[in-house]
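Residues 668 to 816 (the numbering used here) make up the sequence shown, in order.
Just so it is clear, CB atoms sit at the ideal spot from N, CA and C, and this is done for glycine as well.
Have a look at the structure below before the remarks.
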Amino acid sequence: MILRPALETELSELSALCMRSKAHWGYDDGFMAACRKALTLGPSDLRESLLQVAEDSGAPVGVAQLIVREGRAALEKLFVEPAHIGRGVGRALFEWAARVARDGGAASMIIESDPAAAAFYRRMGARDAGTAPSTAIPGRALPRLILTL
Ligand SMILES: CC(C)(COP(=O)(O)OP(=O)(O)OC[C@H]1O[C@@H](n2cnc3c(N)ncnc32)[C@H](O)[C@@H]1OP(=O)(O)O)[C@@H](O)C(=O)NCCC(=O)NCCS
């Protein structure tokens with residue numbers, strides 16, 4: 668597996684990967700439809716954030732999106748292709764994000780997590796820091812976690 672920056676030509680393929688990955692938790696069609704906009708990557712994401720792809724045998728198997736601005740970092744997305752979950756892809760992308768955030772001068776990295784993924788972020792060293800409102804689903808609160816860098 669290698670990690671590399673995302674290409675503009677593969678943004679729709681990566682958006683579909685995000686949808687498949689999110690659906691791994693068993694959400695219904697209505698929920699997934701409500702998430703689609705938030706999980707769609709466009710050219711502005713390439714301009715305004717860092718998008719890193721995990722690639723295995725020539726195919727994307729995971730993607731992470733990181734924003735580092737004014738000493739603050741946010742892990743905006745971390746999605747692994749369902750068939751590759753549990754094989755270290757998430758850890759590799761998370762460690763990439765933490766390293767780039769630290770090198771960019773951030774003291775901490777914020778994560779607004781899917782409830783099912785919060786235990787993964789705790790395993791990666793993040794601590795609970797309340798909740799944050801979901802941008803995709805009005806009224807839904809998401810676990811908020813912080814990794815000290
Ligand atoms: C959450 C996710 C990114 C984790 O990626 P992954 O590639 O499966 O994780 P890894 O295989 O690198 O696991 C690293 C460690 O975390 C642990 N871990 C992984 N997922 C976990 C979970 N859901 N709960 C608890 N621990 C978890 C692993 O056991 C492993 O521990 P180890 O170091 O003791 O072996 C992946 O499950 C995923 O994409 N899920 C669906 C989409 C999603 O919810 N993304 C997050 C949005 S906020």
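Under 9 Å between the Cβ atoms of residue i and residue j?
{"i": "L674", "j": "V730", "result": "no"}
{"i": "A768", "j": "L816", "result": "yes"}
{"i": "A726", "j": "L733", "result": "no"}
{"i": "M668", "j": "V728", "result": "yes"}
{"i": "V735", "j": "R671", "result": "no"}
{"i": "A774", "j": "M791", "result": "no"}
{"i": "A799", "j": "A808", "result": "yes"}
Where do the N-terminal and C-terminal ends of the beta strand (DSSP E) with residue i fall, by residue?
{"i": "M668", "result": "Neither: M668 is in no beta strand (DSSP E) and is coded neither H nor E."}
{"i": "A784", "result": "Per DSSP, A784 belongs to no beta strand (DSSP E) and is neither H nor E."}
{"i": "S775", "result": "S775 to E779"}
{"i": "P727", "result": "A726 to R736"}
{"i": "E893", "result": "No answer is possible for residue 893: the residues shown for the chain start at 668 and end at 816."}
{"i": "C813", "result": "Residue identity differs from the one stated: residue 813 is Ile in this sequence, not Cys. Its beta strand (DSSP E) spans residues A808 to T815."}
{"i": "A799", "result": "R794 to P800"}
Taking all protein chains shown into account, decide if residue i is buried (16 or more other Cβ within 10 angstroms of its Cβ) or exposed.
{"i": "M776", "result": "buried"}
{"i": "G697", "result": "exposed"}
{"i": "K689", "result": "buried"}
{"i": "S780", "result": "buried"}
{"i": "P810", "result": "buried"}
{"i": "K744", "result": "buried"}
{"i": "G806", "result": "exposed"}
{"i": "I778", "result": "buried"}
{"i": "A793", "result": "buried"}
{"i": "G757", "result": "buried"}
{"i": "E748", "result": "buried"}
Is DSSP giving residue i helix, strand or coil here?
{"i": "L742", "result": "strand"}
{"i": "G757", "result": "helix"}
{"i": "G693", "result": "coil"}
{"i": "P805", "result": "coil"}
Kindly indicate the opening and closing residues of the alpha helix (DSSP H) around residue i.
{"i": "L684", "result": "L678 to A690"}
Are three or more beta carbon pairs between the region 697-712 and the region 756-766 nearer than 8 Å? no
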